[in-house]
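Chains S and P are the protein sequences, given in the same order. Start counting the first sequence at 0; every next residue gets the next number (numbering that gives the first Met the number 0). Start counting the second sequence at 0; every next residue gets the next number (numbering that gives the first Met the number 0). All residues carry an ideal CB built from backbone N, CA and C; glycine is no exception. In this text the structure is predicted, and so the values were computed from the model without any measurement.
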Amino acid sequence: MISVRQLSKHYGELKAVDNISFEVGEHENLILLGTSGCGKTTTLKMLNRLIEPTSGEIYVDGKNVKDQSPESLRRSIGYVLQNTGLFPHYTIAENIAVVPKLLKWDKSKIESRTNELIEKLRLPVDSLYKYPSQLSGGQQQRVGLARALIADPPVLLMDEPFGALDNITRTRVQAEFKALDELLRKTIIMVTHDVQEAFELGDRICLMDKGHIVQIGTPQELLFKPANDFVKQFLDAQRVQLEFKTVTIGNIWDRLPVGGLDNIATTLNENTSVWASLTAFDHQKQQQLTIKNADAIKTITYEQLMAAYHQYQQRPQV
Amino acid sequence: MNEHQQTLWEFMQQQSDKLLTQTMEHIGLTFIALLLAIIVGLPLGIFIARKQKLSGIVLGIAGVLQTIPSIALLGFMIPVLGIGPKPAIAALLIYALLPVIRNTFTGITGVDATIKEAAQAMGMSKGQILARVELPLAMPVILAGIRTAAVINVGVATLASLIAAGGLGEFIFGGISLNNTNMILAGAIPAALLAIIFDFLLSLLQKLNAKKLKVAVQVLPVILILLSIVYLVPSAYGTKLKAGFTPEFMGRQDGDLGLKQKYGLKIHTLVISDAVMYKAAYQKELDVISGYSTDGRLKAYDLVVLNDNKAIFPPYYAAPIVREDALKKFPDLEKTLNMLSGYITDSVMTGLNYRTDYLHESPEKVAKDFLVAHHLYKEDQHGSGDIVRIGSKIFGEQYILGEMYSMLIKGYTDYRVSTKTGLGGTKICFDALTNNQIDLYPEYTGTGLLVMLQPKQKIIDSLSTDKDKTYQYVKAEFEKRYQLRWLKPIGFNNAYAIMMRKQQADDLNIKTISDLKRYLDSN
Ligand SMILES: Nc1ncnc2c1ncn2[C@@H]1O[C@H](COP(=O)(O)OP(=O)(O)OP(=O)(O)O)[C@@H](O)[C@H]1O
Ligand SMILES: [Mg+2]
Numbered sequence: 000m001i002s003v004r005q006l007s008k009h010y011g012e013l014k015a016v017d018n019i020s021f022e023v024g025e026h027e028n029l030i031l032l033g034t035s036g037c038g039k040t041t042t043l044k045m046l047n048r049l050i051e052p053t054s055g056e057i058y059v060d061g062k063n064v065k066d067q068s069p070e071s072l073r074r075s076i077g078y079v080l081q082n083t084g085l086f087p088h089y090t091i092a093e094n095i096a097v098v099p100k101l102l103k104w105d106k107s108k109i110e111s112r113t114n115e116l117i118e119k120l121r122l123p124v125d126s127l128y129k130y131p132s133q134l135s136g137g138q139q140q141r142v143g144l145a146r147a148l149i150a151d152p153p154v155l156l157m158d159e160p161f162g163a164l165d166n167i168t169r170t171r172v173q174a175e176f177k178a179l180d181e182l183l184r185k186t187i188i189m190v191t192h193d194v195q196e197a198f199e200l201g202d203r204i205c206l207m208d209k210g211h212i213v214q215i216g217t218p219q220e221l222l223f224k225p226a227n228d229f230v231k232q233f234l235d236a237q238r239v240q241l242e243f244k245t246v247t248i249g250n251i252w253d254r255l256p257v258g259g260l261d262n263i264a265t266t267l268n269e270n271t272s273v274w275a276s277l278t279a280f281d282h283q284k285q286q287q288l289t290i291k292n293a294d295a296i297k298t299i300t301y302e303q304l305m306a307a308y309h310q311y312q313q314r315p316q317v
Numbered sequence: 000m001n002e003h004q005q006t007l008w009e010f011m012q013q014q015s016d017k018l019l020t021q022t023m024e025h026i027g028l029t030f031i032a033l034l035l036a037i038i039v040g041l042p043l044g045i046f047i048a049r050k051q052k053l054s055g056i057v058l059g060i061a062g063v064l065q066t067i068p069s070i071a072l073l074g075f076m077i078p079v080l081g082i083g084p085k086p087a088i089a090a091l092l093i094y095a096l097l098p099v100i101r102n103t104f105t106g107i108t109g110v111d112a113t114i115k116e117a118a119q120a121m122g123m124s125k126g127q128i129l130a131r132v133e134l135p136l137a138m139p140v141i142l143a144g145i146r147t148a149a150v151i152n153v154g155v156a157t158l159a160s161l162i163a164a165g166g167l168g169e170f171i172f173g174g175i176s177l178n179n180t181n182m183i184l185a186g187a188i189p190a191a192l193l194a195i196i197f198d199f200l201l202s203l204l205q206k207l208n209a210k211k212l213k214v215a216v217q218v219l220p221v222i223l224i225l226l227s228i229v230y231l232v233p234s235a236y237g238t239k240l241k242a243g244f245t246p247e248f249m250g251r252q253d254g255d256l257g258l259k260q261k262y263g264l265k266i267h268t269l270v271i272s273d274a275v276m277y278k279a280a281y282q283k284e285l286d287v288i289s290g291y292s293t294d295g296r297l298k299a300y301d302l303v304v305l306n307d308n309k310a311i312f313p314p315y316y317a318a319p320i321v322r323e324d325a326l327k328k329f330p331d332l333e334k335t336l337n338m339l340s341g342y343i344t345d346s347v348m349t350g351l352n353y354r355t356d357y358l359h360e361s362p363e364k365v366a367k368d369f370l371v372a373h374h375l376y377k378e379d380q381h382g383s384g385d386i387v388r389i390g391s392k393i394f395g396e397q398y399i400l401g402e403m404y405s406m407l408i409k410g411y412t413d414y415r416v417s418t419k420t421g422l423g424g425t426k427i428c429f430d431a432l433t434n435n436q437i438d439l440y441p442e443y444t445g446t447g448l449l450v451m452l453q454p455k456q457k458i459i460d461s462l463s464t465d466k467d468k469t470y471q472y473v474k475a476e477f478e479k480r481y482q483l484r485w486l487k488p489i490g491f492n493n494a495y496a497i498m499m500r501k502q503q504a505d506d507l508n509i510k511t512i513s514d515l516k517r518y519l520d521s522n
């Protein structure tokens with residue numbers, strides 16, 4: 000879907016982005032992760048030509064972005080800014096309708112699409128006629144997302160979309176974000192410097208440093224097969240939690256005792272992370288949980304889960 | 000006239016036609032200039048917001064233009080644009096330009112960069128970003144600039160009357176010259192009200208929310224254009240010749256009122272300041288002007304005085320008027336001032352005026368040369384006595400006389416001297432004198448009679464043919480009413496006169512004011 004080849008952006012001596020290449024598949028969610036100033040935003044903005052590269056090529060859906068006018072390119076790529084970037088002089092409805100108006104949609108189409116989105120994003124209906132300053136930060140962020148989604152662009156670029164939110168709101172908005180069906184159909188490139196967020200939301204993570212790509216791969220690959228010490232150290236501070244979040248019931252299925260009953264209410268499937276399963280014990284105040292994969296059911300205790308997880312971690316690395 | 004003090008309200012009612020005309024002219028001038036300032040300033044502001052390297056130069060130039068004193072700016076305009084509305088509008092435009100450019104620039108550069116980037120990222124073109132994001136967000140700041148410009152323009156537009164462009168300044172400056180407080184207020188109060196009203200209305204506009212502002216901003220140009228057109232409404236009737244009279248002349252019995260009453264003269268008349276009137280006549284912007292019979296510019300610009308065959312401009316003596324208490328405080332003063340008496344005849348005064356007005360010699364040099372030639376000059380004694388304060392009105396002749404008095408006092412007495420020259424018109428000088436801010440200044444008996452004393456018409460009629468009787472009457476009344484003393488007449492007379500270019504007067508065979516009327520009435 001998106002192909003970036005030998006892309007560089009130099010500001011005089013400074014190589015903000017230095018000769019990077021990567022591919023993003025259709026409906027994939029790629030996270031650009033890295034410390035401040037490593038070139039994430041610069042990379043993202045080159046994709047919709049807000050910044051012109053010093054050298055290199057970018058293809059979106061097989062077409063070189065240079066061959067399209069920047070305006071029409073941008074109208075076909077959703078963009079969510081770090082600080083929402085909502086127009087303060089437009090109502091929420093007008094903010095959401097910016098791109099359709101540029102595309103000259105008729106009024107009823109804009110209206111029905113807007114209503115669809117605010118319902119999906121769980122924005123209050125009366126907020127449509129308010130101005131951005133009258134909304135909470137979390138609501139503004141969702142309006143920013145609605146604005147990027149309204150014309151149903153196949154590609155979505157997001158620059159630290161949850162960066163401005165407090166921790167609790169961020170967790171909630173992230174969860175909603177994950178659950179949003181609209182996003183399943185999109186190719187997404189999202190910038191963040193929050194490791195947890197990257198692991199939570201990314202199909203693959205592209206870890207950058209000083210304008211270079213250090214490693215690109217799935218969360219599990221980064222965690223368990225770090226390309227070098229930088230990757231290892233980058234993740235070390237939060238490793239325990241990350242691993243709990245990355246490893247799923249499916250990964251440790253074989254190490255869990257066989258056999259079980261289907262008579263306990265809470266049933267988790269094999270894609271659930273170990274982290275989520277442990278939280279389930281906490282929340283349900285139960286001694287046992289039922290888990291299932293495609294062809295079997297197991298009933299497990301907290302201790303059995305932890306034991307299986309530790310065995311999995313001790314396994315010989317391939 | 001003096002029996003019953005006219006109230007301001009009565010004056011305004013009586014002059015309601017003029018008041019309305021002047022107010023409309025005033026509004027018109029203000030808004031034509033404002034409209035032009037927006038047409039020029041807004042794009043310029045946008046342009047320098049794009050090319051910020053040029054912003055320093057453009058804002059610098061606009062800033063410098065704004066610091067030019069308004070009277071001087073009007074003066075600069077005349078050689079290029081003549082007199083009338085054109086130079087007035089150009090001058091107002093120049094004053095209005097800076098706030099419009101500066102605020103447009105600040106407004107647009109002040110728009111949050113992330114919002115501009117968001118607009119760009121949504122796929123807006125440069126023009127769309129300007130129209131939909133930058134201008135609307137900058138609008139409150141731009142409107143603040145327009146508001147400032149409007150208020151500046153209402154104020155500066157009062158000066159338009161000095162170059163025959165009309166407006167409420169006609170009353171204000173007429174009132175100042177004629178010592179008529181009602182007339183000053185009849186111009187000043189509406190002007191102040193206009194400033195307050197426009198400021199208030201534009202402040203409302205600034206506070207509107209985005210939605211209403213959009214509508215308002217679309218309506219604004221229409222309103223501005225309508226207000227500008229107001230200027231054209233009172234466009235006066237045209238005649239073959241164009242007259243330019245000073246505000247003071249317009250309101251005096253021995254002036255425009257007399258011309259109308261005694262001669263029945265009907266001529267398209269503009270009100271104009273004394274400072275530019277002669278030149279405008281010379282440059283054929285005006286054909287008929289009011290002036291002083293001793294003015295040096297008569298000679299300089301080759302003008303002729305039309306014969307006052309119905310004697311509406313009686314000749315009057317010029318003499319110093321002095322505070323009585325000053326004469327007591329400075330016992331030698333009267334004797335010293337009277338030394339000049341009898342030396343200066345009409346033609347001598349005209350000659351002296353010519354040297355300052357046209358040859359641009361300094362009044363000091365002209366005064367000294369004269370005193371030396373008549374063996375009246377004595378070196379400065381550098382006395383140590385009290386200070387005599389000499390005032391003068393704001394034209395050449397008064398400066399020369401002031402200098403002469405100063406030299407005589409310094410040379411013949413122990414007193415020191417301070418001169419307060421250029422005290423504007425009669426009213427300012429006279430008020431300075433009665434308020435003990437100056438001790439003396441040269442005045443004309445006619446002005447004393449008609450402007451300060453304003454006696455009944457009967458008395459005026461009985462005096463106006465006789466210079467000496469007028470002098471005696473004025474001298475006695477001034478002592479009684481104001482404790483001011485008229486010293487001996489200096490020798491020359493100063494009277495109002497109607498003047499034309501010599502060439503034109505000869506061509507049209509106009510020698511008297513009645514000839515002028517006959518010419519205007521023919522066809
Ligand atoms: N217009 C510019 N001119 C010069 N240098 C720039 C410019 N824009 C970015 N840079 C530099 O390029 C480097 C990469 O910037 P970039 O904004 O891509 O970082 P980032 O990874 O997004 O960081 P952050 O997490 O802080 O947003 C930085 O060192 C930055 O200072
Ligand atoms: Mg960034």
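Next item on the list: Answer yes or no: does any C-beta atom of chain P fall closer than 8 Å to that of S:Tyr78?
Entry: Looking up residue 78 of chain S in the first sequence gives position 79. Yes, because at least one Cβ of chain P sits closer than 8 Å to the Cβ of S:Tyr78.
Notebook entry, point to check: Listing by chain order, which chain A residues have their CB less than 8 Å from the CB of P:Glu116?
Noted result: The structure shown has no chain A; the protein chains it does contain are S and P.
Checklist line | Proximal chain P residues relative to S:Leu127, where beta-carbon distance stays under 9 Å | finding: On the first sequence, residue 127 of chain S is found 128 positions in, with the first residue counted as 1. For S:Leu127, there are no C-beta contacts with chain P under 9 Å, since the nearest C-beta of that chain is about 14 Å from it.
Check: chain S partners of P:Gln205, CB-CB under 7 Å?
Finding: As a position in the second sequence, residue 205 of chain P is number 206, starting the count at 1. Chain S residues near P:Gln205: none, gap ~14 Å exceeds 7 Å.
Checklist line | Strand pairing of S:Leu6, partner residues [DSSP] | finding: As a first step, residue 6 of chain S is located in the first sequence; it is residue number 7 there, counting from the start. In DSSP, S:Leu6 forms a bridge with S:Ile19.
Next item on the list: Verify whether the separation of the beta carbon atoms of P:Leu432 and P:Arg322 is less than 8 Å.
Entry: Counting from 1 along the second sequence, the entry for residue 432 of chain P is found at position 433. Counting from 1 along the second sequence, the entry for residue 322 of chain P is found at position 323. When the beta-carbon positions are compared, P:Leu432 and P:Arg322 come within less than 8 Å of each other.
Check: Which residue spans inside the segment 29 to 80 of chain S form an unbroken alpha helix (DSSP H) run of at least 4?
Finding: 39 to 46, 69 to 74
Notebook entry, point to check: Of the choices P:Ser227, P:Ile509, P:Lys487, P:Phe394, whose alpha-carbon is the least far from that of P:Arg296?
Noted result: Residue numbering aside, residue 296 of chain P sits at position 297 when the second sequence is read from its first letter. Cα-wise, what sits closest to P:Arg296 is P:Phe394.
Next item on the list: Go ahead and pull the three-state DSSP assignment for S:Asp208.
Entry: Translated into the one-based positions of the first sequence, residue 208 of chain S becomes position 209. S:Asp208 falls in the strand class under three-state DSSP.
Margin query: Does the distance between the C-beta of S:Ser35 and the nearest non-hydrogen atom of ligand 1 fall short of 7 Å?
Written below: For the purposes of this step, residue 35 of chain S is identified with residue 36 of the first sequence, where counting begins at 1. Relative to ligand 1, S:Ser35 has its C-beta within less than 7 Å of a heavy atom.
Item checked: Any non-hydrogen atom of ligand 1 within 7 Å of S:Ala307 CB -> In the first sequence, the residue the question calls residue 307 of chain S occupies position 308. No - ligand 1 has no heavy atom lying nearer than 7 Å to the Cβ of S:Ala307.
Item checked: Close-in-space but distant-in-sequence residues of the same chain around S:Gly137 (CB under 8 Å, 5 per side omitted) -> The residue given as residue 137 of chain S occupies position 138 in the first sequence. Excluding sequence neighbours, S:Gly137 sits near Leu164, Thr168, Arg171, Val172.
Next item on the list: State yes or no: is the C-beta of S:Thr40 nearer than 7 Å to some heavy atom of ligand 2?
Entry: Along the first sequence, read from residue 1 onward, the residue named residue 40 of chain S stands at position 41. Yes, Cβ of S:Thr40 sits closer than 7 Å to a heavy atom of ligand 2.
Note to self: As a quick exercise: from P:Leu212, P:Asn152, P:Val132, P:Ile171, pick the residue whose alpha carbon is nearest that of S:Val97.
What the structure shows: Within the first sequence, the letter at position 98 stands for residue 97 of chain S. Measuring from the Cα of S:Val97, the nearest candidate turns out to be P:Val132.
Next item on the list: On a CA-only basis, which of S:Lys14, S:Val246, S:Thr271, S:Asp281 is nearest S:Gln310? Give me that one, please.
Entry: Position 311 of the first sequence, counted from the first residue, corresponds to residue 310 of chain S. Looking at the Cα atoms, S:Val246 is the closest of the given residues.
Margin query: Under 7 Å: does the beta carbon of S:Asp158 sit that close to some heavy atom of ligand 2?
Written below: As a first step, residue 158 of chain S is located in the first sequence; it is residue number 159 there, counting from the start. Yes, the beta carbon of S:Asp158 sits closer than 7 Å to at least one heavy atom of ligand 2.
Note to self: Check for me: the alpha helix (DSSP H) holding P:Pro580 runs from which residue to which?
What the structure shows: This structure leaves residue 580 of chain P out entirely; chain P is present only between 0 and 522.
Note to self: For the structure I just gave you, are there three or more beta carbon pairs, one from the segment 203 to 215 of chain P and one from the segment 139 to 156 of chain P, closer than 8 Å?
What the structure shows: When Cβ pairs closer than 8 Å are counted between the two stretches, the segment 203 to 215 of chain P is seen to touch the segment 139 to 156 of chain P, the count reaching three or more.
Check: Are the beta-carbon atoms of S:Glu196 and S:Phe161 separated by less than 8 Å?
Finding: Here residue 196 of chain S is taken as the residue at index 197 of the first sequence, counted from 1. Here residue 161 of chain S is taken as the residue at index 162 of the first sequence, counted from 1. Their beta carbons are under 8 Å apart, which means S:Glu196 touches S:Phe161 by this criterion.
Notebook entry, point to check: What's the gap between the Cα of S:Arg4 and the Cα of S:Ile188?
Noted result: In the first sequence, counting from the first residue as 1, residue 4 of chain S sits at position 5. In the first sequence, counting from the first residue as 1, residue 188 of chain S sits at position 189. So the two alpha carbons sit approximately 16 Å from each other.
Next item on the list: Would you kindly work out how many angstroms separate the C-alpha atoms of P:Glu363 and P:Tyr518, rounded to a whole number?
Entry: Taking the second sequence and counting its residues from 1, the one referred to as residue 363 of chain P is at position 364. Taking the second sequence and counting its residues from 1, the one referred to as residue 518 of chain P is at position 519. Those two C-alpha atoms are separated by around 43 Å.
Notebook entry, point to check: How about P:Asn492 and P:Pro314: do their beta carbons lie closer than 8 Å?
Noted result: Walking along the second sequence from the start, residue 492 of chain P turns up at place 493. Walking along the second sequence from the start, residue 314 of chain P turns up at place 315. Cβ distance < 8 Å, so P:Asn492 and P:Pro314 count as in contact.
Item checked: CB-CB length for P:Ile311 against P:Lys261, believed under 8 Å -> Looking up residue 311 of chain P in the second sequence gives position 312. Looking up residue 261 of chain P in the second sequence gives position 262. About 5 Å separates the Cβ atoms of P:Ile311 and P:Lys261, confirming a contact at the 8 Å cut-off.
Item checked: Any non-hydrogen atom of ligand 4 closer than 7 Å to S:Val190 Cβ -> In terms of ligand content, the structure shown lacks ligand 4 and carries ligand 1 and ligand 2 instead.
Item checked: Continuous beta strand (DSSP E) assignments of at least 3 residues falling wholly in the segment 331 to 416 of chain P -> 386 to 390
Next item on the list: Below 6 Å CB to CB, which residues in the same chain sit around P:Lys487 once its five sequence neighbours on both sides are set aside?
Entry: The residue labelled residue 487 of chain P in the question sits at position 488 within the second sequence. These residues qualify, in order along the chain: Asn337, Ser340.
Next item on the list: Could you tell me which residues DSSP pairs with P:Leu302 in its beta bridges?
Entry: Within the second sequence, numbered from 1, the residue matching residue 302 of chain P stands at position 303. P:Leu302 is bridged to P:Arg500.
Note to self: Tell me which residue opens and which closes the alpha helix (DSSP H) that P:His25 is part of.
What the structure shows: Looking up residue 25 of chain P in the second sequence gives position 26. It spans 15 to 49 - the alpha helix (DSSP H) in which P:His25 sits, taken as one unbroken run.
Notebook entry, point to check: If you measure beta-carbon to beta-carbon, which residues of the segment 174 to 195 of chain S are closer than 8 Å to chain P?
Noted result: none
Next item on the list: Return the first residue and the last residue of the beta strand (DSSP E) that S:His26 is part of.
Entry: Translated into the one-based positions of the first sequence, residue 26 of chain S becomes position 27. Run containing S:His26: none; DSSP gives neither H nor E here.
Next item on the list: Look at the alpha carbon of P:Val221 and the alpha carbon of P:Ala90, and state the distance between them as a whole number of angstroms.
Entry: As a working note, residue 221 of chain P is residue 222 in the second sequence. As a working note, residue 90 of chain P is residue 91 in the second sequence. Their backbone Cα atoms lie some 23 Å apart in a straight line.
Check: Straight-line CA distance for S:Asn28 to S:Pro256?
Finding: Within the first sequence, residue 28 of chain S is the residue found at index 29, counting from 1. Within the first sequence, residue 256 of chain S is the residue found at index 257, counting from 1. Rounded to whole angstroms, S:Asn28 to S:Pro256 spans 34 Å at the Cα level.
Next item on the list: Reducing DSSP to helix, strand and coil, say where P:Ala235 ends up.
Entry: Along the second sequence, read from residue 1 onward, the residue named residue 235 of chain P stands at position 236. Summary for P:Ala235: the model assigns pLDDT 46, below 50, so the residue's position carries little reliability, and this model does not support an answer.
Note to self: For S:Met45 and S:Gly249, what's the separation of their Cα atoms in angstroms?
What the structure shows: Numbered from its first residue, the first sequence carries residue 45 of chain S at position 46. Numbered from its first residue, the first sequence carries residue 249 of chain S at position 250. Rounded to the nearest angstrom, the two C-alpha atoms are 39 Å apart.
Check: Hey, does P:Ala235 have any beta-carbon neighbour from chain S nearer than 8 Å?
Finding: For the purposes of this step, residue 235 of chain P is taken as residue 236 along the second sequence, with counting starting at 1. Since pLDDT at P:Ala235 reaches only 46, below the 50 mark, its modelled position is unreliable, and the value read off the structure follows with that caveat. No - not a single Cβ of chain S is within 8 Å of the one on P:Ala235.
Check: Can you tell me whether S:Phe86 is buried or exposed, with buried defined as 16 or more other CB within 10 angstroms of its CB?
Finding: Working through the first sequence from its first residue, we reach residue 86 of chain S at position 87. Under this definition S:Phe86 is a buried residue.
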